[in-house]
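Asker:
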Amino acid sequence: MMSASLARDLRALLSGQVLDDEAARLDRSGDFGRMIRRIPGVVVRPAGTGDVAKIIRYARQSSIPVATRAEAHTQSGQALTDGGILLDMTSLDRIQSIDAAGSWADCEAGVKWDTLVRQTIPQGLVPPVLTNNLGVTLGGTLSVAGLGVASFRHGAQGDNVLEIEAVMGTGDVVVCSEDANRPVFDAVRSTFGQFGVITRARVTLRRCRPRTRTYFLLYDDLGALMRDARLAIERDRIDYIESTCVPCPQGFRMAGAAKEAFAAWFFPLHLTVEHGPESPPADAETLQGLAPYRKVHIEDQDTLEFAARMEPLFAIWKRTGNWALAHPWTETILPWGAAEPFITQVLAGLPPTALGGGHVLLWPCRGTVSRVPLFMHPETPLVMGFGILPGVPPDLL
805 MMSASLARDL
815 RALLSGQVLD
825 DEAARLDRSG
835 DFGRMIRRIP
845 GVVVRPAGTG
855 DVAKIIRYAR
865 QSSIPVATRA
875 EAHTQSGQAL
885 TDGGILLDMT
895 SLDRIQSIDA
905 AGSWADCEAG
915 VKWDTLVRQT
925 IPQGLVPPVL
935 TNNLGVTLGG
945 TLSVAGLGVA
955 SFRHGAQGDN
965 VLEIEAVMGT
975 GDVVVCSEDA
985 NRPVFDAVRS
995 TFGQFGVITR
1005 ARVTLRRCRP
1015 RTRTYFLLYD
1025 DLGALMRDAR
1035 LAIERDRIDY
1045 IESTCVPCPQ
1055 GFRMAGAAKE
1065 AFAAWFFPLH
1075 LTVEHGPESP
1085 PADAETLQGL
1095 APYRKVHIED
1105 QDTLEFAARM
1115 EPLFAIWKRT
1125 GNWALAHPWT
1135 ETILPWGAAE
1145 PFITQVLAGL
1155 PPTALGGGHV
1165 LLWPCRGTVS
1175 RVPLFMHPET
1185 PLVMGFGILP
1195 GVPPDLL
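Put into structure tokens, the structure is as follows:
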């Protein structure tokens, strides 16, 4: 079998693990999307950058496809290969150094953001931008820009990296930054690994305060939410902004010859401020000028708890089986001026039952804050991210 001979060649070549047993290959044949299955010929857990370089050179000479995979949070098979070499980057999971004075951390690409923040936040340091899901890796999110609820201030995670080590398609190892090998630096951020495999990154850190206060606001009108989100973005009082669209099911209505479920939509807006233990924010001043339909709740928690705020939801998804459903997600970034009519039209035709165990995401942000060249988004002062993120039994697709 080709996979057996391929595995023999790679074992002779590499220091890391080479797995060609059926269980290992099947275990890495899918991703979070649960829609596409591709079984690799062999799985490699590289011992370091040198192994990655050897694999790329070998694969190039032998015309064998290579895919990189860590936590496999992709939804459309981007981290899979059919019969090729699958690089399991979770083996590159070492935090090499944290420099508090220099405000940076040097990490291998397979380090999860959760692992990093649990070391940095107790030191009063945090990456400027964190994804909602901390169980993904630095290399993975830098390869797709890396967006979060602080992006309106700090851009993408790709804007907050000082240096990247990457293996190019030739097998050459290149260390790049804004000042060294800039074309490579610009090519490997937000390009899904098409130009190189990130193996190490020096990411920036910023000083953070130990506590957070989150204001849970609710809107019954998308335009009203957008007005207040814009005000929150333009002020210097808010550290994190997140929003969603939530259906309130109303029953069933005629749609052609049959009835379908329909909903009225509400729009939560969560505004979070970091603060010291003895200096909580002044609520009235923080919310001055905002006009929500309802002020629902105020939550105080440690900054680390806030960073990991999605973990209780993910735990529920896993207990109820929603985590194992198919995730045919679609996300886009819209010009601010076009967002309200477009989103309103989409939601009007979206039955709440279509979401299954998922949700609808809003992401208000400045459109000029990111300088990652290949992160594609509208060239407008403000933008609105919009994502429909359902959880669906695979047999319904």
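Counting from 1 along the sequence shown, just add 804 to a position and that's the residue number in our numbering.
We put the beta carbon where it would ideally sit given N, CA and C, even for glycine.
Note that the structure is predicted; figures quoted are calculated from it, not measured.
Thinking just about the alpha-carbon of each residue, which of Gly854, Val846 and Asp897 is nearest to the one in Val978?
Answerer: It is Gly854 whose Cα lies nearest to the Cα of Val978.
Asker: Rounding to the nearest angstrom, what Cα-Cα distance links Leu810 and Ala954 in this structure?
Answerer: Going from the Cα of Leu810 to the Cα of Ala954 covers about 45 Å.
Asker: Count the other CB atoms, across all protein chains shown, that sit within 10 Å of the CB of Val1150; report buried if there are 16 or more and exposed otherwise.
Answerer: When all chains shown are included, Val1150 counts as exposed.
Asker: From Thr885 to Leu817, what does the alpha carbon distance come to, in whole angstroms?
Answerer: Rounded to whole angstroms, Thr885 to Leu817 spans 21 Å at the Cα level.
Asker: Please report the Cβ distance between Thr1016 and Glu1078, rounded to the nearest whole angstrom; I am assuming they are in contact, meaning their Cβ atoms lie under 8 Å.
Answerer: That pair is a contact at about 5 Å.
Asker: Do Ala1028 and Ile1002 have their beta-carbon atoms positioned less than 9 Å apart in this structure?
Answerer: No; because the gap between Cβ atoms is not below 9 Å, this pair is not in contact.
Asker: Take the Cβ of Phe1056 as the centre, count every other Cβ of all protein chains shown within 10 Å, and call the residue buried at 16 or more, exposed below.
Answerer: Phe1056 should be labelled exposed.
Asker: Quick one: is Arg1011 buried, meaning 16 or more other Cβ sit within 10 Å of its Cβ, or exposed?
Answerer: Label assigned to Arg1011: exposed.
Asker: Excluding the five sequence neighbours on either side, which residues of its own chain have a C-beta within less than 7 Å of the C-beta of Asp963, listed in chain order?
Answerer: The answer, listed in chain order, is Ser1174, Arg1175 and Val1176.
Asker: Determine the contact status of Ile1192 and Leu1165, defining contact as a CB-CB distance below 9 Å.
Answerer: It is a contact, given that the beta carbons lie within the stated cut-off.
Asker: Could you say if the region 1029-1042 and the region 985-1000 meet the contact criterion of at least three C-beta pairs nearer than 8 Å?
Answerer: Cβ pair count under 8 Å is below three, so no.
Asker: Out of Ala808, Ile925, Asp813 and Met893, which has the shortest C-alpha to C-alpha gap to Arg1004?
Answerer: Comparing Cα-Cα distances from Arg1004 to each of Ala808, Ile925, Asp813 and Met893, the minimum goes to Met893.
Asker: When you compare only the Cα positions, how much space is there between His1131 and Pro931?
Answerer: Taking the straight line joining both Cα atoms gives about 28 Å.
Asker: Our contact map puts Gly1161 next to Thr1134 with C-beta atoms below 8 Å; I'd like the distance itself, whole angstroms only.
Answerer: So it is not a contact: roughly 16 Å between Cβ atoms.
Asker: Please confirm whether Thr945 and Gln923 have their CB atoms less than 9 Å apart.
Answerer: Taking 9 Å as the Cβ cut-off, Thr945 and Gln923 do not qualify as a contacting pair.
Asker: Taking Glu912 as the reference, give the member of Ile1147, Ala1152 and Gln900 with the closest Cα.
Answerer: The shortest Cα separation from Glu912 among Ile1147, Ala1152 and Gln900 belongs to Gln900.
Asker: Beta strand (DSSP E) containing Ser981: first to last residue?
Answerer: Looking at the DSSP string, the run of the beta strand (DSSP E) that includes Ser981 is Val977 to Ser981.
Asker: Since Arg829 contacts Pro844 with CB under 8 Å, what's their CB separation in whole angstroms?
Answerer: The pair is a contact, with the Cβ atoms about 5 Å apart (cut-off 8 Å).
Asker: Whose C-alpha, out of Phe999, Leu1186 and Ile925, is nearest the C-alpha of Ala1033?
Answerer: The option with the nearest alpha carbon to Ala1033 is Leu1186.
Asker: Going by alpha carbons, who is nearest to Arg1170 out of Leu1178, Leu929, Thr1157 and Met1188?
Answerer: Considering only alpha carbons, the answer is Met1188.
Asker: Going by beta carbon distance, what residues of the same chain come within less than 6 Å of Gly975, once the five residues before and after it are set aside?
Answerer: For Gly975, where only same-chain residues beyond five positions count, the Cβ hits under 6 Å are Ala857, Ile860 and Arg861.
Asker: Hey, out of Gly887, Asp910 and Tyr1044, whose CA is closest to Leu951's CA?
Answerer: Answer by Cα proximity: Tyr1044.
Asker: Please give the ranges of any alpha helix (DSSP H) in the region 1067-1102, keeping only runs that are unbroken, at least 4 residues long and fully inside the region.
Answerer: Listed in chain order, they are 1087-1090.
Asker: Can Phe1020 and Val1050 be called in contact, C-beta distance under 9 Å?
Answerer: Cβ atoms of Phe1020 and Val1050: not closer than 9 Å.
Asker: Does the Cβ of Val847 have 16 or more other Cβ atoms within 10 Å, making it buried, or fewer, making it exposed?
Answerer: Buried, by the Cβ-count rule.
Asker: Look up Leu1202 in the DSSP assignment and give the residues it is bridged to.
Answerer: Residue 1202 lies beyond the residue range present for the chain, which begins at 805 and ends at 1201; the question has no answer from this structure.
Asker: Mind checking which residues open and close the beta strand (DSSP E) that includes Trp1133?
Answerer: Looking at the DSSP string, Trp1133 is not in any beta strand (DSSP E), and its letter there is neither H nor E.
Asker: When the Cα of Arg1031 is compared with those of Leu920, Asp918 and Leu1094, which residue comes out closest?
Answerer: Nearest of Leu920, Asp918 and Leu1094 to Arg1031, Cα basis: Leu1094.
Asker: Measure the C-alpha to C-alpha separation of Phe956 and Asn936 and round it to an integer number of angstroms.
Answerer: Distance between the alpha carbons of Phe956 and Asn936: 14 Å.
Asker: Taking DSSP's pairing of strands, which residues face Thr1018 in a bridge?
Answerer: Note: Thr1018 sits in a beta bridge opposite Thr1076 and Glu1103.
Asker: Can you check the region 915-973 for any alpha helix (DSSP H) of at least 4 residues that lies completely inside it and give the ranges in chain order?
Answerer: You should have 917-924, 942-946 and 955-958.
Asker: Reducing DSSP to helix, strand and coil, say where Leu810 ends up.
Answerer: Leu810: helix per DSSP, three-state reduction.
Asker: Less than 8 Å between the CB atoms is what I'm expecting for Gly943 and Gly973, so what's the real figure, rounded?
Answerer: That pair is no contact at about 16 Å.
Asker: Between Leu938 and Ala1112, what straight-line distance do the alpha-carbon atoms span, to the nearest angstrom?
Answerer: Spanning the two alpha carbons is a distance of roughly 7 Å.
Asker: To the nearest angstrom, report how far apart Met805 and Arg838 are at their CA atoms.
Answerer: In this prediction, Met805 has a pLDDT of 46, which is less than 50 and means its spatial position is unreliable; what the coordinates show is noted afterwards. Using only the alpha carbons, I get a separation of about 28 Å.
Asker: Which residues in the same chain have their Cβ closer than 6 Å to the Cβ of Pro1139, if we skip the five residues on either side of it in sequence?
Answerer: Here the set comprises Pro1182 and Thr1184.
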